[in-house]
Ligand SMILES: [Zn+2]
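Numbering (this note's numbering), first residue to last: 1226 to 1510.
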């Protein structure tokens, strides 16, 4: 081999490594052991003392475990286990999407938030309680939208009262600060629910039509955890929600070309996160 060819190979492999490397946060395989401590905000933060959600539990199963994003604050893990028990009592099993990386921090793709161990995505699609997917299926089964976005309506052939029950159970948890759902889903619930006391925690958003995103409030003992502005008073079944739905319908009818969002910055993290990232103490895998 000529020197030039070897150099080319080296450059190619270095380039490929960079492309697959993500960032330092996505490379860390284990949590930082110790007291759970959330540092910073949902979209610019990290976590010490995170724990892994067991991949299968009563009434739930983790999807896409190969991404290694099933870590969170112990309160988040307990919340998911309780949500699973609620699903199991109704005969179903939840499919759990991303939580966070072992030490939180920015992900090289997929989310802006999910950085502080307090966010989890829960699929709408559920399984029967007794059915456990194979590991291969957890990597391959696709999410599916439960709305007909261009019509501004739920897709009733894909919707299930179980999904409403899961949303209501999550919204009623005192630890849950807010839940992001597609505005069309919130609007449908505004129209169908007689007890609207739990609807204020459902926040209308883009996407979130195949999964909902649950966000816990800052744990009381995490002094460095940065809260979000509180959600507005009222149930949110209002003109603003109507605007959201209108925008989503419009976007579905005349879609713009997809532009890949830039990954969140690793530059502006709170200084304490540098310690969380570089500290060598790791849990045994
Ligand atoms: Zn999410």
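Each residue gets a CB set at the ideal place from its N, CA and C atoms; glycine is no exception.
Inter-segment contact for the region 1421 to 1431 and the region 1376 to 1384 is absent: fewer than three beta-carbon pairs are separated by less than 8 Å.
At a cut-off of 7 Å, the beta-carbon of residue 1438 counts as near ligand 1: some heavy atom of the ligand is closer than that. For residue 1415, the enclosing alpha helix (DSSP H) stretches over residues 1408 to 1417. If you look at residue 1348, you'll find it in the beta strand (DSSP E) that goes 1344 to 1353.
Residue pairing of residue 1280 in beta bridges, as defined by DSSP: absent, with no partner found.
Here residue 1489 is buried. Its C-beta has 16 or more other C-beta atoms within 10 Å. Within a 10 Å sphere around the beta-carbon of residue 1468 sit fewer than 16 other beta-carbons, which makes this residue exposed. Shown here for residue 1337: same chain residues with a beta carbon closer than 7 Å to its own, the five before and five after excluded, namely 1268, 1489 in chain order. The secondary-structure analysis by DSSP pairs residue 1262 across a beta bridge with 1273. Straight-line measurement puts the Cα of residue 1408 at about 10 Å from the Cα of residue 1378.
Rounded to the nearest angstrom, the Cβ distance from residue 1501 to residue 1328 is 5 Å, consistent with a contact under 8 Å.
In the structure shown, residue 1296 adopts extended strand secondary structure according to DSSP, grouped into three states. Separation of residue 1318 and residue 1284 (C-alpha to C-alpha, rounded to the nearest whole angstrom) is 4 Å.
The nearest non-hydrogen atom of ligand 1 is 7 Å or more from the C-beta of residue 1472. In this structure, residue 1302 keeps its C-beta atom at 8 Å or more from the C-beta atom of residue 1281. Measuring C-alpha to C-alpha distances from residue 1419 to each of 1356, 1460, 1371 identifies 1460 as the nearest.
DSSP places residue 1286 in the uninterrupted beta strand (DSSP E) bounded by 1285 to 1287.
The way I'd put it, the region 1395 to 1414 does touch the region 1433 to 1449; three or more beta-carbon pairs between them come closer than 8 Å.
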